[in-house]
Amino acid sequence: MLHINNFIPITSEDIDFMLPMMAFNMVKKNEMVLTSGNICNHLFFITKGCLKKYYINTEGKERVFSFATEMQWVGDMNSLWKKEKTIFDIKALEDTEFITISKNNLEILMDESLKFNRYFRSVSYDLIYKLERRVNQCLSCSAEERYGDFIMDYKNLEQRISQKEIASFLGITPEFLSVLRRKKK
Numbered sequence: 016m017l018h019i020n021n022f023i024p025i026t027s028e029d030i031d032f033m034l035p036m037m038a039f040n041m042v043k044k045n046e047m048v049l050t051s052g053n054i055c056n057h058l059f060f061i062t063k064g065c066l067k068k069y070y071i072n073t074e075g076k077e078r079v080f081s082f083a084t085e086m087q088w089v090g091d092m093n094s095l096w097k098k099e100k101t102i103f104d105i106k107a108l109e110d111t112e113f114i115t116i117s118k119n120n121l122e123i124l125m126d127e128s129l130k131f132n133r134y135f136r137s138v139s140y141d142l143i144y145k146l147e148r149r150v151n152q153c154l155s156c157s158a159e160e161r162y163g164d165f166i167m168d169y170k171n172l173e174q175r176i177s178q179k180e181i182a183s184f185l186g187i188t189p190e191f192l193s194v195l196r197r198k199k200k
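Okay, structure coming up:
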């Protein structure tokens, strides 16, 4: 609940209203949280650990779309809102603890709590900003620039995940990532 408090002040009554609408979960490293071909029925808020959101491209290669670490939300908004099958998989890169909220409970909270509505609107704006930034990076930045942005956007994550995961996120090979890392030092 501390994350919400960063956006809006909440009371113990607010927390009492929200808690029954959320569930606390844990997964071990390499366990799946969401698999492609299913409908995403929940959003996930990471309290400890790291998840990767990825898809398999037309060449059969894994492409990491994003990472979610502590105090971040992840899910497939398109699948959640439209009830369409997701193209994404979400997998734990570390033992991970997270809070889930269903679409139905999210809508109840947004309808009945002005504070949660404001909070989730702020979270949504942040996710839209990050999505636009990611698209811009993919379309107009060099691999070196994307790597620099990764270091800025995902502070300390480089020490927690494999070079292969980072390379997949950047759209380059692990070997080329090694070259970029050497240049950066």
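Add 15 to the 1-based position in the sequence shown for the numbering used here, that's all there is to it. Heads up, the beta-carbon is just placed ideally off N, CA and C, and yes, glycines get one too.
With distances taken between CB atoms, is the gap from Asp90 to Leu58 smaller than 7 Å?
By one-based count along the sequence shown, residue 90 stands at place 75. By one-based count along the sequence shown, residue 58 stands at place 43. Checking the sequence, you will find Gly at residue 90 rather than Asp. A distance below 7 Å separates the beta carbons of Gly90 and Leu58.
Tell me, to the nearest whole angstrom, how far the beta carbon of Thr50 is from that of Asp104; I am working on the premise that it is less than 8 Å.
Taking the first residue of the sequence shown as 1, we reach residue 50 at position 35. Taking the first residue of the sequence shown as 1, we reach residue 104 at position 89. Between Asp104 and Thr50 the Cβ distance is about 6 Å, and since that is below 8 Å, they are a contact.
So is Phe184 buried or exposed if we call it buried at 16+ other beta carbons inside 10 Å?
Numbered from its first residue, the sequence shown carries residue 184 at position 169. Burial call: buried.
What's the call for Cys55, buried or exposed, on a 16-neighbour Cβ count within 10 Å?
On the sequence shown, residue 55 is found 40 positions in, with the first residue counted as 1. Buried is the call here.
By a C-beta neighbour count over all protein chains shown, 10 Å radius and 16 as the cutoff for buried, is Ile143 buried or exposed?
Reading the sequence shown from its first residue, position 128 is the one you call residue 143. Label assigned to Ile143: exposed.
Cβ-based burial, Lys1 [other Cβ within 10 Å; buried from 16]:
With the chain covering 16 to 200 only, the question about residue 1 has no answer from this structure.
Given a cut-off of 7 Å, decide if Glu85 and Ile61 are closer than it, judged by their beta-carbon atoms.
On the sequence shown, position 46 is the one that residue 61 refers to. On the sequence shown, position 70 is the one that residue 85 refers to. Contact flag set, yes.
Could you name the residues that DSSP lists as bridge partners for Tyr70?
Walking along the sequence shown from the start, residue 70 turns up at place 55. According to DSSP, Tyr70 bridges with Arg78.
Straight-line CA distance for Met203 to Thr26?
Outside the modelled stretch of the chain, which goes from 16 to 200, sits residue 203, for which no answer is possible.
Between Leu124, Phe82, Glu46, which lies nearest to Asn171 when the distance is taken from Cα to Cα?
As a first step, residue 171 is located in the sequence shown; it is residue number 156 there, counting from the start. Among Leu124, Phe82, Glu46, the Cα nearest to that of Asn171 is on Phe82.
Assigned exposure category for Lys98 - 16 Cβ within 10 Å defines buried:
As a working mapping, residue 98 is identified with position 83 in the sequence shown. Exposed is the call here.
Do three or more CB pairs link the segment 180-197 to the segment 143-162 at distances below 8 Å?
yes
To test your reading of the DSSP string, which unbroken alpha helix (DSSP H) runs of 4 or more residues are found completely within the segment 107-132?
The qualifying runs are 118-127.
So, helix, strand or coil for Met37, using DSSP?
The sequence position of residue 37 within the sequence shown is 22, counting from 1. Strand at Met37.
So what does DSSP say about Met47, is it helix, strand or coil?
Working through the sequence shown from its first residue, we reach residue 47 at position 32. Three-state result, Met47: strand.
Under the three-state DSSP convention, the category Asp91 falls into
Here the question's residue 91 lines up with position 76 in the sequence shown. If DSSP states are grouped into helix, strand and coil, Asp91 belongs with coil.
Residue range of the alpha helix (DSSP H) that includes Leu192
The count along the sequence shown starts at 1 and reaches residue 192 at position 177. Its alpha helix (DSSP H) spans residues 189-199.
Are the CB atoms of Tyr162 and Leu195 nearer to each other than 7 Å?
Taking the sequence shown and counting its residues from 1, the one referred to as residue 162 is at position 147. Taking the sequence shown and counting its residues from 1, the one referred to as residue 195 is at position 180. A contact, by the Cβ cut-off of 7 Å.
Bridge partner(s) assigned by DSSP for Ile54:
As a first step, residue 54 must be located in the sequence shown, where it is residue number 39. Paired residue(s): Lys100.
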